[in-house]
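Numbered by my numbering, the letters in the sequence shown go through residues -2 to 104 in order. These notes concern the structure reproduced below.
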Amino acid sequence: MVRALTLLLAQLAAAPIVSETVETGELRPTDLATFECRDISRSTVLPRVCYDRAQQNLVVAVDGRYDRYCAVAAETVDSLLGAPSMGQFFNRNIKREAAGSRYDCRA
């Protein structure tokens, strides 16, 4: 038993660290290595929110897919995370239909 556990730990230590990559609505892979991701249990609209403060990029899980928004200020993300209803805040302030091209990613 100890031998098996030692072998398993050795394999885990030798395994390469692979960051998570998700495909966003633009059908392009987005590496989440620089993002801080949070699984959200209090929102049925946004089960996961990932934010890269340095690049001001926001990736959210909505309806089973990921969407990416660019040039989103940290204050906006903080307001989203602290909103009584994250779904309502997202739909009114960030979602493309509400914000137009304000948070489009040009790349």
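Built from N, CA and C at the ideal position, the CB exists for glycine as well.
**OP:** Report the residue from 91, 30 and 85 whose alpha carbon sits nearest the alpha carbon of residue 72.
**Re:** Position 75 of the sequence shown, counted from the first residue, corresponds to residue 72. Put simply, of 91, 30 and 85 the residue whose alpha carbon is nearest the alpha carbon of residue 72 is 91.
Original post:
In angstroms, rounded to a whole number, what distance separates the CA positions of residue 21 and residue 80?
Top reply: Working through the sequence shown from its first residue, we reach residue 21 at position 24. Working through the sequence shown from its first residue, we reach residue 80 at position 83. Taking the straight line joining both Cα atoms gives about 24 Å.
Original post:
Would residue 62 pass as a contact of residue 27 if the rule is Cβ separation under 8 Å?
Top reply: By one-based count along the sequence shown, residue 62 stands at place 65. By one-based count along the sequence shown, residue 27 stands at place 30. No Cβ-Cβ contact shorter than 8 Å links residue 62 with residue 27.
Original post:
Can you list, in chain order, the residues of its chain whose CB lies under 7 Å from that of residue 17, leaving out five sequence neighbours each side?
Top reply: Numbered from its first residue, the sequence shown carries residue 17 at position 20. So the list reads 29, once near-sequence residues are dropped.
**OP:** From the DSSP output, in three-state form, read off residue 0 for me.
**Re:** Here the question's residue 0 lines up with position 3 in the sequence shown. DSSP places residue 0 in the helix class (H, G or I) of the three-state scheme.
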